[in-house]
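Under the numbering used here, think of the first position of the sequence shown as 124, with each following residue one higher.
Every residue, glycine too, gets a C-beta built ideally from N, C-alpha and C.
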Amino acid sequence: MTDRRPMILWFRRDLRLSDQQAVASAASSGRPVIPLHILDETMGGAARWWLHHSLAGLHRDIAALGNRLVLRRGPATEVIAGLIAETGAEAIAFNRSPDPAVAASDEALARRLRQAGIEVITSDGGLLFEPGGIRTGTGQRFRVFTPFWRACRAAPPPAWPLPAPEALPAPSTPVAGDKLDDWCLLPTAPDWARGFAPCWQPGEAGARARLAAFIRHDLRDYGARRDRPDLQATSRLSPHLAFGEISPGQVWHAAHHALARDPARSTGVERFLSELGWREFSYHLLAAEPEMPRRPLRPEFARFPTLRDDTALRAWQRGLTGYPIVDAGMRELWQTGWMHNRVRMVAASFLIKDLLLPWTEGLAWFADTLVDHDVASNAASWQWVAGCGADAAPFFRIFNPTLQSRKFDPAGAYIRRFVPELARLPDELIHAPAADPDRAARHGVVLGRDYPAPIVDHDAARQRALAALASLKQENAA
Numbered sequence: 124m125t126d127r128r129p130m131i132l133w134f135r136r137d138l139r140l141s142d143q144q145a146v147a148s149a150a151s152s153g154r155p156v157i158p159l160h161i162l163d164e165t166m167g168g169a170a171r172w173w174l175h176h177s178l179a180g181l182h183r184d185i186a187a188l189g190n191r192l193v194l195r196r197g198p199a200t201e202v203i204a205g206l207i208a209e210t211g212a213e214a215i216a217f218n219r220s221p222d223p224a225v226a227a228s229d230e231a232l233a234r235r236l237r238q239a240g241i242e243v244i245t246s247d248g249g250l251l252f253e254p255g256g257i258r259t260g261t262g263q264r265f266r267v268f269t270p271f272w273r274a275c276r277a278a279p280p281p282a283w284p285l286p287a288p289e290a291l292p293a294p295s296t297p298v299a300g301d302k303l304d305d306w307c308l309l310p311t312a313p314d315w316a317r318g319f320a321p322c323w324q325p326g327e328a329g330a331r332a333r334l335a336a337f338i339r340h341d342l343r344d345y346g347a348r349r350d351r352p353d354l355q356a357t358s359r360l361s362p363h364l365a366f367g368e369i370s371p372g373q374v375w376h377a378a379h380h381a382l383a384r385d386p387a388r389s390t391g392v393e394r395f396l397s398e399l400g401w402r403e404f405s406y407h408l409l410a411a412e413p414e415m416p417r418r419p420l421r422p423e424f425a426r427f428p429t430l431r432d433d434t435a436l437r438a439w440q441r442g443l444t445g446y447p448i449v450d451a452g453m454r455e456l457w458q459t460g461w462m463h464n465r466v467r468m469v470a471a472s473f474l475i476k477d478l479l480l481p482w483t484e485g486l487a488w489f490a491d492t493l494v495d496h497d498v499a500s501n502a503a504s505w506q507w508v509a510g511c512g513a514d515a516a517p518f519f520r521i522f523n524p525t526l527q528s529r530k531f532d533p534a535g536a537y538i539r540r541f542v543p544e545l546a547r548l549p550d551e552l553i554h555a556p557a558a559d560p561d562r563a564a565r566h567g568v569v570l571g572r573d574y575p576a577p578i579v580d581h582d583a584a585r586q587r588a589l590a591a592l593a594s595l596k597q598e599n600a601a
């Protein structure tokens with residue numbers, strides 16, 4: 124084996140060894156393998172924290188197979204060309220990116236390498252279905268989620284997950300790489316990520332454990348409990364999926380296996396799988412509309428009359444809006460790198476409709492602060508709330524944050540956890556202390572001193588947002 128020239132195995136946002144066709148191809152090639160990861164310099168701060176720990180886990184897993192992960196930074200084309208020149212590698216295997224902006228550079232790289240005589244093996248490893256592979260009966264792309272997901276459910280299921288290889292032979296001469304600590308992915312002064320570690324176990328082993336725990340404890344009642352931020356009822360698999368520590372196919376088959384063992388889980392399984400479906404739909408949209416993270420899919424919304432208010436934006440980012448459910452969500456995001464999905468919708472609606480700020484401001488903040496940031500899901504979800512995307516909620520559907528809080532956090536447990544200065548308030552007042560400031564003060568919460576007064580009046584802000592929508596319609600009709 125050592126007389127053969129090596130193969131590069133390029134890990135990207137697919138930081139696992141199981142259910143990876145690229146890994147299987149490299150392991151079975153008969154060549155020495157050079158596992159490689161190239162730093163994505165555009166990654167947000169919270170995602171960089173996750174990446175550090177995920178790469179450390181992948182390094183340990185690869186070491187157990189008798190090899191080592193090579194870390195390099197720089198433009199991928201230059202790094203790979205340099206590594207080929209260094210090692211005499213004759214082949215490379217990697218997963219295609221579902222992001223069309225990255226896919227275009229992938230195709231150019233593969234073409235250049237093949238012209239140079241390098242064997243290039245690519246595969247899809249991040250989605251259940253190839254982007255654009257699910258189409259209507261007339262061959263068109265879907266623009267509405269429900270029929271899209273119905274077509275996905277009718278399509279052949281994803282292949283059974285591949286096992287991790289038993290060995291990954293290393294080149295006879297070790298290949299130099301960066302030290303992970305030298306990448307400085309972890310914050311230090313201040314360490315704003317100190318609350319992340321108790322919440323998460325990045326890496327493939329952590330992903331498997333999280334999936335198993337979810338299926339064992341929460342899958343059956345997922346449909347009924349998923350909207351409750353005060354309960355630990357969601358899968359919390361999103362960062363593991365975002366970094367490819369587990370594949371959607373593995374999740375799919377695990378859920379179906381659980382359903383086969385216990386048919387009473389059917390409602391929970393279907394609701395849970397539809398969340399995988401939204402991720403698929405988001406990439407399906409992105410493949411058709413590569414500008415989705417920057418421009419509304421409904422072009423008439425490009426002229427929506429938003430405001431510029433840096434003070435309000437900062438209050439929203441810091442969780443100081445005076446609306447407890449919004450503030451709890453924004454503080455959960457800052458403290459843990461994640462936010463419950465129901466609260467994401469409430470916080471997004473507040474930014475876009477109560478504050479009348481551009482949805483792209485929220486998208487950018489989430490991109491920097493979410494450990495599970497995913498370019499397609501983030502853009503599709505913000506456009507959904509803003510009413511400017513495909514199959515979006517109508518703009519005039521404006522969440523009342525107080526009503527949402529009372530419905531989904533009825534005893535205020537979620538608010539008490541992340542907005543502790545309100546913990547002394549009774550259940551009926553904690554959702555809207557400004558409704559009775561004198562009573563709040565008797566419980567030790569003085570608005571403007573202990574907790575902010577609301578930065579906008581929701582009812583007035585709702586009318587302002589509807590007026591902005593009406594002006595947009597008039598402009599488009601003119």
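Following the continuous beta strand (DSSP E) through residue i, name the residue where it begins and the one where it ends.
i: R219; result: 214 to 219
i: W133; result: 130 to 134
i: I338; result: Element bounds for I338: not the beta strand (DSSP E) but the alpha helix (DSSP H), 327 to 340.
If you reduce the DSSP assignment to three classes, tell me which class residue i lands in.
i: L478; result: coil
i: S246; result: strand
i: H554; result: coil
i: T125; result: Note that T125 scores a pLDDT of 49, beneath 50, so its modelled location is shaky; the value from the coordinates is reported in the next line. Residue state, collapsed to three classes: coil.
i: H566; result: coil
i: R195; result: strand
i: V202; result: helix
i: R496; result: The question names Arg, but residue 496 is His in the sequence shown. It is coil, neither helix nor strand.
i: R258; result: strand
Express the C-alpha separation of residue j and residue i in angstroms, rounding to a whole number.
i: G452; j: H463; result: 7 Å
i: M124; j: L232; result: For M124, the predicted structure reports a pLDDT of 42, less than 50, and the residue's modelled location is therefore unreliable. A value from the coordinates is still provided. Their backbone Cα atoms lie some 27 Å apart in a straight line.
i: E230; j: A536; result: 50 Å
i: H198; j: M415; result: Looking at the sequence provided, one finds Pro at residue 198 rather than His. C-alpha separation (whole angstroms): 24 Å.
i: P543; j: S528; result: 16 Å
i: A179; j: W173; result: 10 Å
i: H554; j: R585; result: 18 Å
i: V156; j: V469; result: 47 Å
i: L188; j: G168; result: 31 Å
i: F404; j: W272; result: 8 Å
i: R196; j: A204; result: 13 Å
i: G571; j: Q440; result: 18 Å
i: L480; j: D450; result: 17 Å
i: P419; j: T483; result: 10 Å
i: V202; j: R128; result: 18 Å
i: R235; j: A330; result: 35 Å
i: R520; j: A591; result: 14 Å
i: S177; j: D301; result: 16 Å
i: R359; j: S151; result: 33 Å
Could you please give the first and the last residue of the uninterrupted alpha helix (DSSP H) stretch that includes residue i?
i: L399; result: 389 to 411
i: P362; result: 361 to 365
i: M453; result: 447 to 459
i: V267; result: Per DSSP, V267 belongs to no alpha helix (DSSP H) and is neither H nor E.
i: P371; result: 371 to 384
i: L159; result: Per DSSP, L159 belongs to no alpha helix (DSSP H); it is in the beta strand (DSSP E), 156 to 161.
i: T434; result: 433 to 441
i: I538; result: 536 to 541
i: H175; result: 168 to 187
Give me the residue from the options with the minimum Cα distance to residue i.
i: T492; options: T459, A410, E164; result: T459
i: P386; options: R351, D344, L399; result: D344
i: A145; options: F489, M166, S246; result: S246
i: K476; options: G400, P419, A583; result: A583
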